[in-house]
Amino acid sequence: MIAHYGYKDAEGEFFITIDTDRCGRCEDKPCVAACPRGVFTVEEDPYGDTVVAVDDRRRRRLKYECAECKPAGDRPALPCVRACPWGAMTHSW
Ligand code: SF4
Ligand code: SF4
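Have a look at this one:
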């Protein structure tokens, strides 16, 4: 399943997209520890797979949660995306 977490407003679209089929095969879930803001949670999906999701309380404020990883100038690779060995995560902004 492709899961989209985030929101759209006058400033743009702020979504994190996760391929949960890949998460189900990812034992260590390194994106969780890699995120300095604790954006991710681990949960069981309807198919019984253990997958990563964006924490409920953070979905509506992702632009602000991720701001320190996304400076206006030269942007380094995002810690969460860099940590993912399966290429399962993308950000829309
Ligand atoms: S590291 Fe990638 S595949 Fe593993 S749980 Fe996180 S997003 Fe899913
Ligand atoms: S961009 Fe940074 S704060 Fe946002 S989810 Fe990734 S690691 Fe966490």
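Going by our numbering, the first residue of the sequence shown is number 1, and it counts up by one from there. Using N, Cα and C, we set each Cβ at its ideal position, and we do this for glycine too.
### Task
Could you tell me the boundaries of the alpha helix (DSSP H) in which Tyr64 lies?
Residue 64 sits at position 64 when you count from the first residue of the sequence shown. Note, Tyr64: alpha helix (DSSP H), Leu62 to Glu65.
### Task
Verify the contact flag: Val52, CB atom, against every heavy atom of ligand 2, threshold strictly below 6 angstroms.
The residue labelled residue 52 in the question sits at position 52 within the sequence shown. For ligand 2, not one heavy atom lies less than 6 angstroms from the Cβ of Val52.
### Message
Measuring straight from C-alpha to C-alpha, what distance separates Arg22 and Glu11?
### Response
Taking the first residue of the sequence shown as position 1, residue 22 is located at position 22. Taking the first residue of the sequence shown as position 1, residue 11 is located at position 11. The straight-line gap from Cα to Cα measures roughly 31 angstroms.
### Per DSSP, cross-strand counterpart(s) of Glu43
On the sequence shown, position 43 is the one that residue 43 refers to. Looking at the DSSP assignment, Glu43 forms a beta bridge with Val51.
### Message
Considering only heavy atoms of ligand 2, does any lie closer than 6 angstroms to the CB of Arg37?
### Response
Start at 1 with the first residue of the sequence shown, and residue 37 comes out as number 37. Yes, the Cβ of Arg37 comes within 6 angstroms of a heavy atom of ligand 2.
### Task
Identify every run of the beta strand (DSSP E) within the stretch 1–26, keeping only runs that are complete inside it and at least 3 residues long; order them along the chain.
Counting whole runs of 3 or more residues, the stretch 1–26 contains the beta strand (DSSP E) stretches 2–9 and 12–19.
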